[in-house]
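For the protein sequence lines, the chains are L and X, in the order given.
Using this note's numbering, you'd call the opening residue of the first sequence number 2 and step up by one each time.
Using this note's numbering, you'd call the opening residue of the second sequence number 2 and step up by one each time.
Reading through the structure tokens given below for one structure.
2 protein chains.
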Amino acid sequence: MQPPLGRITLKKIAEEAGVDVSTVSRALAGLNGVHKDTRDRVLEVARKFRYRPNLLARGLVKGHSQTIGLLVSDIRNPYFAEVARGAEDAAFHAAHDLVLCNSDLNQTKQMRYIRSLLDKNVTGLIMHSVGTLSAAEREELENCGVRIVLLDRQAKSQPFSTVSADNHQGGFIAAQHLIELGHRNIAHLNGPRHHTTFADRMRGFVDAVDSSGEKISTVMMDSDPTIPDGYAMTKKLLAEKPEVTAIVAGNDAIALGAMRAAAEFGVSIPDDLSVIGFDNIEVSDLIHPALTTIHQPKYEMGQAAVEILLKVSRTEMTRVPEHRLFGVTLIERKSCKPLEVRKARPVAASEEVYTS
Amino acid sequence: MQPPLGRITLKKIAEEAGVDVSTVSRALAGLNGVHKDTRDRVLEVARKFRYRPNLLARGLVKGHSQTIGLLVSDIRNPYFAEVARGAEDAAFHAAHDLVLCNSDLNQTKQMRYIRSLLDKNVTGLIMHSVGTLSAAEREELENCGVRIVLLDRQAKSQPFSTVSADNHQGGFIAAQHLIELGHRNIAHLNGPRHHTTFADRMRGFVDAVDSSGEKISTVMMDSDPTIPDGYAMTKKLLAEKPEVTAIVAGNDAIALGAMRAAAEFGVSIPDDLSVIGFDNIEVSDLIHPALTTIHQPKYEMGQAAVEILLKVSRTEMTRVPEHRLFGVTLIERKSCKPLEVRKARPVAASEEVYTS
DNA sequence: CTGAAAGCGCTAACAG
DNA sequence: CTGTTAGCGCTTTCAG
């Protein structure tokens with residue numbers, strides 16, 4: 002075997018096959034206009050030397066680098082891990098790499114990431130953007146010559162493609178479920194309301210309340226969509242609003258925090274308090290009581306995002322943005338309970354309902 | 002404002018500043034040998050035009066691309082999400098990008114990823130490698146001219162740097178804890194034993210058993226380190242080995258699966274069965290009963306991996322691999338219980354122990 | 001201190 | 001069908 006000192010380049014293959022580099026390039030690219038014999042010889046040599054193209058060089062001339070940037074707030078959130086996995090699988094399938102960026106819901110950090118990705122000529126960007134983009138930022142993104150897919154946003158007015166779950170519908174279903182269960186004092190513990198994802202869920206919640214025909218008291222709070230913040234909001238809620246019998250959480254993390262706070266306060270779920278989450282992350286089915294929640298197809302959403310990205314990037318001229326809205330479903334588990342039942346059978350009921 | 006048709010390149014800045022591109026390059030790189038006035042003018046122009054270097058071009062000439070590849074088995078495992086976050090933060094801090102690869106513990110897929118990363122001239126690779134590398138693969142990796150840090154492996158014999166938790170010690174502590182609690186029939190439900198991580202944990206387990214001076218019966222099983230497989234192993238265990246009173250799980254996912262299976266069999270944890278996990282992922286403290294487990298500093302390990310990678314890559318010639326071993330600690334929660342207590346107070350004890 | 005020139009590895013017209 | 005010629009945008013000798 003030849004000692005592969007330095008990398009094998011096109012030139013090496015060209016010399017070895019006795020042709021010009023451009024011919025090698027064509028042959029390897031599978032373009033027509035290369036004699037069969039020549040092609041076979043080139044391919045043979047390339048294989049023998051285990052030739053692998055330098056993607057930086059190719060990217061430089063082609064103008065992009067077979068790379069997709071994925072911006073999420075925090076990969077430790079199982080929701081994003083699932084989305085990222087879907088995206089990565091789709092990217093791998095299309096021979097693209099996925100670069101992971103954690104923005105922490107921080108606008109400045111996010112823009113820094115984006116610029117750095119643009120400097121690398123990424124093929125496209127999938128971003129779970131924070132808040133509303135400023136006019137300047139939006140323009141910067143529009144003109145950066147890179148395909149962008151917004152995740153978890155339905156801003157159809159924007160010139161970008163979007164992939165999201167039906168957050169409004171999810172918020173609606175969640176509230177409706179609790180209302181049907183007889184709850185009339187419901188709290189909505191949400192993520193940051195300036196984020197469209199959470200704003201939509203909240204609107205769904207409000208619409209369900211307004212259209213229920215029932216007289217319902219609500220208390221609305223919002224904070225970061227994390228376990229600690231869900232915990233903090235719930236502690237405050239339990240102390241200040243004892244009349245509340247049910248919580249619609251902006252996501253499962255908040256719901257988990259809520260359950261934790263409830264446990265500490267000696268408030269039993271679902272006997273004293275019903276809780277419904279959003280996302281259906283894996284753990285929601287593992288905790289006790291199992292969390293009733295709104296399921297959204299996270300893996301598929303990640304997949305869809307890169308598919309849309311690559312589709313439009315291939316046709317190139319298809320400037321018309323695509324919007325994909327995924328349906329959500331109610332997953333009934335053990336954390337919600339009819340209000341009536343509790344009053345009728347103050348204690349004994351728990352045995353029956355807890356049984357898993 | 003000038004319409005930035007096409008990207009701003011060095012050439013543009015050079016023209017605008019009335020100097021040669023090479024001078025601009027030097028000025029921007031902060032090299033000495035540029036007149037202060039010239040430098041200031043160049044910097045001014047560059048700033049005015051928001052010049053940003055094309056990293057592909059730079060990478061092409063420099064030979065690497067300010068990118069780090071991170072190979073994990075599955076980012077959906079919270080353990081890896083945490084490691085990835087630590088790695089990403091450190092990479093961002095050092096102006097590098099992190100590309101995420103999910104190998105699914107599949108050797109072929111892993112090698113495909115590695116090759117694709119090498120084609121992009123990554124600065125280095127952090128890999129949570131599957132099984133033992135074949136001689137050919139190891140050689141390929143050694144000669145690829147790229148820094149490699151192995152995660153979760155202590156193979157000091159290998160020419161690569163490593164970062165890992167003290168898996169042997171963890172396995173030892175886990176078994177020891179159960180033994181001290183009086184258990185004499187202990188099962189080890191482990192991940193794939195051909196993976197050094199799990200092999201080390203198992204050896205720790207065995208060493209604790211052997212050095213305990215007690216007569217202890219063990220049953221060893223291994224499978225994939227996932228919730229479903231933990232569930233399956235436990236079902237089998239419960240059916241075939243009713244004498245077992247405690248389980249040491251290879252990781253928290255397996256432990257979670259075990260708890261699920263136990264619940265279905267009507268086996269109470271920790272009353273009928275003690276379970277101890279490994280990793281201390283976030284959920285382990287959220288489930289019921291809270292999981293006693295071995296903590297390893299995941300975030301810090303991710304961070305350390307890229308720090309080591311970049312350190313050696315900067316000095317370049319430092320061929321001596323670095324090995325970093327992180328200590329582990331026992332986190333006592335509610336899933337383990339003394340064997341004696343159970344016998345003494347068959348039922349009442351549970352109330353006291355469950356209280357959180 | 002600065003410009004000219006060469007080249008990283010590859011692709012893409014343009015001639016033959 | 002294939003070789004020649006030009007770059008992509010940047011860094012890096014090498015002169016001057």
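Heads up, the beta-carbon is just placed ideally off N, CA and C, and yes, glycines get one too.
Comparing C-alpha positions only, which one of the options sits nearest to residue i?
i        : options                                : result
L/Asn191 : L/Gly125, L/His94, L/Gly258, L/Ala137  : L/Gly258
X/Ile295 : X/Phe50, X/Ile309, X/Asp223, X/Glu333  : X/Glu333
X/Leu151 : X/Ala176, X/Ile248, X/His324           : X/His324
L/Gly183 : L/His196, L/Ala166, L/Ser218, L/Thr198 : L/Ser218
X/Ser162 : X/Phe173, X/Gln170, X/Arg148, X/His169 : X/Arg148
L/Val329 : L/Gln170, L/Tyr80, L/Tyr232            : L/Gln170
L/Ile288 : X/Gly231, X/Asp280, X/Ala264           : X/Ala264
L/Ser224 : L/Lys299, L/Ala200, L/Gly214, L/Glu241 : L/Ala200
L/Ala113 : X/Tyr114, X/His94, X/Leu106, X/Met112  : Note on identity: in this sequence residue 113 of chain L is Arg, with Ala being the wrong assignment. The residue with the shortest Cα to Cα distance from L/Arg113 is X/His94.
L/Ser269 : L/Ser285, L/Pro290, L/His36, L/Ile282  : L/Pro290
X/Ala256 : X/His65, X/Asn103, X/Ala175, X/Ser104  : X/Ala175
X/Leu326 : X/Lys37, X/Pro229, X/Asn168            : X/Asn168
X/Gly146 : X/Ser165, X/Ala166, X/Val123           : X/Val123
Does residue i pass the burial test, meaning 16 or more other C-beta atoms within 10 Å, or should it be called exposed?
i        : result
L/Lys63  : exposed
L/Ala136 : exposed
X/Gly31  : exposed
X/Ala96  : exposed
X/Lys13  : buried
X/Asp211 : exposed
X/Glu308 : buried
X/Asn144 : exposed
L/Asp21  : exposed
L/Cys337 : buried
L/Thr109 : exposed
X/Arg51  : exposed
X/Glu241 : exposed
L/Lys299 : buried
X/Gly7   : exposed
L/Ser357 : With a pLDDT of 34 at L/Ser357, under the threshold of 50, the predicted position of this residue should be treated as unreliable, though the coordinate-derived value follows. Exposed.
L/His196 : buried
L/Asn33  : exposed
X/Val321 : exposed
Who are the neighbours of residue i on chain L, taking C-beta pairs under 9 Å?
i        : result
X/Lys121 : Asn55, Leu56, Leu57, Gly60, Ser66, Gln67, Thr68, Asp98
X/Glu301 : Correct list: empty, because the minimum Cβ distance to chain L is about 14 Å.
X/Ala281 : In the sequence under discussion, the amino acid at residue 281 of chain X is Asn, which differs from the Ala named in the question. Neighbours of X/Asn281 on chain L: none; closest Cβ ~13 Å, over 9 Å.
X/Leu152 : Near X/Leu152 there are no residues of chain L at all, since even the closest Cβ is about 16 Å away, more than 9 Å.
X/Asn186 : The premise fails here: X/Asn186 is roughly 26 Å from chain L at the closest Cβ pair, so nothing lies under 9 Å.
X/Leu292 : The contacting residues do not exist; X/Leu292 stays about 10 Å from chain L at best.
X/Leu190 : Here the premise fails: no neighbours, minimum Cβ distance about 17 Å.
X/Asn33  : Simply none; closest approach about 25 Å.
For residue i, go through chain X and note every residue whose CB falls closer than 8 Å to its CB, in chain order.
i        : result
L/His169 : By Cβ distance, chain X contributes nothing, its closest Cβ being about 27 Å from L/His169, past 8 Å.
L/Ala250 : Those within 8 Å of L/Ala250 in chain X number zero; the least Cβ separation is about 14 Å.
L/Val284 : Val284, Leu287, Ile288
L/Pro79  : Arg77, Pro79, Ala82
L/Leu134 : By Cβ distance, chain X contributes nothing, its closest Cβ being about 18 Å from L/Leu134, past 8 Å.
Tell me, to the nearest whole angstrom, how far the beta carbon of residue i is from that of residue j; I am working on the premise that it is less than 8 Å.
i        : j        : result
X/Gly251 : X/Arg202 : 6 Å
L/Lys236 : L/Ala254 : That pair is no contact at about 16 Å.
X/Ala209 : X/Ile180 : 7 Å
L/Phe206 : L/Leu239 : That belief does not hold up - the Cβ atoms of L/Phe206 and L/Leu239 are roughly 20 Å apart, past 8 Å.
X/Gly69  : X/Leu99  : Note on residue identity: the sequence assigns Ile, not Gly, to residue 69 of chain X. Yes, they are in contact, since the Cβ atoms of X/Ile69 and X/Leu99 sit about 5 Å apart, within 8 Å.
X/Val46  : X/Glu17  : 5 Å
Residues of chain L with a CB under 8 Å from the CB of residue i: which are they?
i       : result
X/Arg1  : Lying before the first or after the last residue shown, residue 1 of chain X is absent from chain X, which here runs from 2 to 357.
X/Ile76 : Ile76, Ala82, Ala85, Arg86, Glu89
Which chain X residues sit within Cβ distance under 9 Å of residue i?
i        : result
L/Asn107 : What L/Asn107 touches in chain X: nothing, since even the nearest Cβ is about 12 Å away.
L/Leu362 : With chain L covering 2 to 357 only, the question about residue 362 of chain L has no answer from this structure.
Run through chain L and tell me which residues come within less than 7 Å of residue i, C-beta to C-beta.
i        : result
X/Leu257 : Leu287
Self-check item: Segment contact flag, the region 40-59 of chain L with the region 266-279 of chain L, C-beta cutoff 8 Å, min 3 pairs
Solution: By the Cβ test, the region 40-59 of chain L is not in contact with the region 266-279 of chain L, since fewer than three Cβ pairs between them sit closer than 8 Å.
Self-check item: Cβ contact (3+ pairs, closer than 8 Å) linking the region 77-92 of chain L and the region 35-49 of chain L
Solution: no
Quiz item: Per the contact definition of three or more C-beta pairs closer than 8 Å, is the region 118-128 of chain X in contact with the region 300-311 of chain X?
Solution: yes
Quiz item: Just checking, does the region 114-121 of chain L make contact with the region 281-300 of chain L on the three C-beta pairs under 8 Å criterion?
Solution: no
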